[in-house]
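A.B. asks: Before I ask anything, let me first share the structure, which is written out below as structure tokens.
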Amino acid sequence: MSSDYQKLQEYVKELSEKLVPRDAAHPENLKKVADYIEERLKSFTDRVENQPYSADGMTVRNVRAFFGPETDDRIVVGAHYDVAGPYPGADDNASGVAGLLELARLLSDEELPIQVELVSYPLEEPPYFYTKKMGSYIHAKSLKDEAVNVKAMIALEMIGYFSDDEGSQSYPLSLLRPFYPSVGNYIAVVGKMFQKGLVRKVKKAMKGVASLPVESINAPKLVPGIAFSDHLNYWRHGFPAVMITDTAMYRNPNYHSPTDTAGTLNYRKMAQVVDGVKESVQKLAKGE
């Protein structure tokens, strides 16, 4: 079973057009978004849990769904559902949430050797970014406290914006330009230094099922963009983690703005990304 680009578009439109604004200043809408995600996930598995917590007087929650047998080992795939400001947030990060929901549909029909957890978080964006109130920090810490053996974590962070225009892709450091494309028509697998094995496995799996170009990088967290998502909190707790991204502000001119709308995304290419993530999850679960 392959990813359905029309379902991805449906999810992105719901999140970016109806369930807005999704920023921390509107906790009542964050609850509605979490309700929507929970409802969708329950249509694919009966093992859905909420992980509520408090942040500056408001109650928010991670929404978790489980697939495969209950095992000590686990693969985690996550995506944040909040937005930086009162904007549509179609690429950032309705695209990641849509990918997570579509991945849930795909995994519901698969036999898995170990447990796979899909989780969607609030409070990834400022003013909570890099704090212990991020939903992903709460989640990663809980896995550490429970001694879960996280074999790999994959963060879906902006997976929908692509361009075939020359010069559409930029980079945080000029020294990267000779080694990577100047056209923003690829998806990237991002990891930190000394975790090349995981990045290599995910990249290989993704390239094996999609015609979409896949690039990768392992770099220190100090390089701008390398740690700009929820995978950071799994690194903080000693877990191997990567980010799947269209490179955000280094490609998408609508980043953190009112023009980050559903009509700017390429859903057919998004579907290829989701197929690649599914293949990665399956191979990682098998230890390949």
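Quick note: the sequence shown uses the working numbering, first residue 1360, plus one each step. Note that CB positions come from ideal geometry on N, CA and C, so glycine has one too. Computed from a predicted model, the values in this text were never measured in an experiment.
1. Which residue's Cα is closest to the Cα of residue 1473: 1483, 1381 and 1507?
2. Taking a contact to mean a Cβ-Cβ separation below 8 Å, would you say residue 1447 touches residue 1620 in this structure?
3. With a threshold of 8 Å, are at least 3 pairs of Cβ atoms found where one atom belongs to the segment 1363-1383 and the other to the segment 1620-1639?
4. Going by beta carbon distance, what residues of the same chain come within less than 6 Å of residue 1519, once the five residues before and after it are set aside?
5. Rounded to whole angstroms, what is the Cα-Cα separation between residue 1482 and residue 1452?
6. Output needed for residue 1487: all residues of its chain with C-beta closer than 8 Å, excluding positions within five of it in sequence on either side, in chain order.
7. Would you report the Cα separation of residue 1433 and residue 1475, rounded to the nearest angstrom?
8. Would a C-beta distance cut-off of 8 Å place residue 1664 and residue 1497 closer than the cut-off?
9. Just tell me which of 1565, 1521, 1643 and 1635 has its CA closest to the CA of residue 1510.
10. Helix, strand or coil: how does DSSP classify residue 1635 here?
11. Could you have a look at residue 1616 and say whether DSSP puts it in helix, strand or coil?
12. With a Cβ-Cβ cutoff of 8 Å, do residue 1571 and residue 1545 count as a contact?
13. To the nearest angstrom, how far is it from the Cα of residue 1397 to the Cα of residue 1459?
14. Could you tell me the boundaries of the alpha helix (DSSP H) in which residue 1499 lies?
15. Measuring alpha carbon to alpha carbon, tell me which residue in 1646, 1541, 1581 and 1534 is nearest residue 1528.
16. First and last residue of the alpha helix (DSSP H) that includes residue 1320?
17. Tell me whether the beta-carbon of residue 1463 lies closer than 8 Å to the beta-carbon of residue 1424.
18. Looking at C-alpha atoms only, which residue of 1394, 1539 and 1387 is the closest neighbour of residue 1410?
19. Considering just the uninterrupted stretch of the beta strand (DSSP E) at residue 1377, what are its terminal residues?
20. Look at the alpha carbon of residue 1444 and the alpha carbon of residue 1608, and state the distance between them as a whole number of angstroms.
21. Could you check the C-alpha separation between residue 1584 and residue 1564 for me, to the nearest Å?
C.D. replies: Straight from the coordinates:
1. That would be 1507, whose Cα lies nearest to the Cα of residue 1473.
2. Yes, the Cβ-Cβ distance between residue 1447 and residue 1620 is below 8 Å.
3. Counting Cβ pairs under 8 Å, three or more are found: they touch.
4. The residues are 1450, 1454, 1624 and 1629.
5. Their backbone Cα atoms lie some 12 Å apart in a straight line.
6. Closer than 8 Å at Cβ, skipping near neighbours: 1383, 1414 and 1493.
7. One C-alpha to the other measures close to 6 Å.
8. Residue 1664 is absent from the structure shown; the chain starts at 1360 and stops at 1647.
9. When only C-alpha atoms are compared, the closest one is 1643.
10. Reduced to three states, the DSSP call for residue 1635 is helix.
11. The answer is coil: DSSP assigns residue 1616 none of H, G, I, E or B.
12. Yes, the pair counts as a contact, with Cβ atoms nearer than the cut-off.
13. Each residue's alpha carbon lies about 12 Å from the other.
14. Here the alpha helix (DSSP H) through residue 1499 covers 1494-1504.
15. For residue 1528, the closest C-alpha among the options 1646, 1541, 1581 and 1534 is that of 1541.
16. Nothing about residue 1320 can be reported from this structure: the residues present for the chain run from 1360 to 1647 only.
17. A contact, by the Cβ cut-off of 8 Å.
18. For the residues 1394, 1539 and 1387, the minimum Cα distance to residue 1410 belongs to 1394.
19. For residue 1377, there is no enclosing beta strand (DSSP E), as DSSP marks it with neither H nor E.
20. Inter-residue distance for residue 1444 and residue 1608 is about 15 Å (C-alpha atoms, whole angstroms).
21. Looking at the backbone, the Cα of residue 1584 and that of residue 1564 are separated by about 23 Å.
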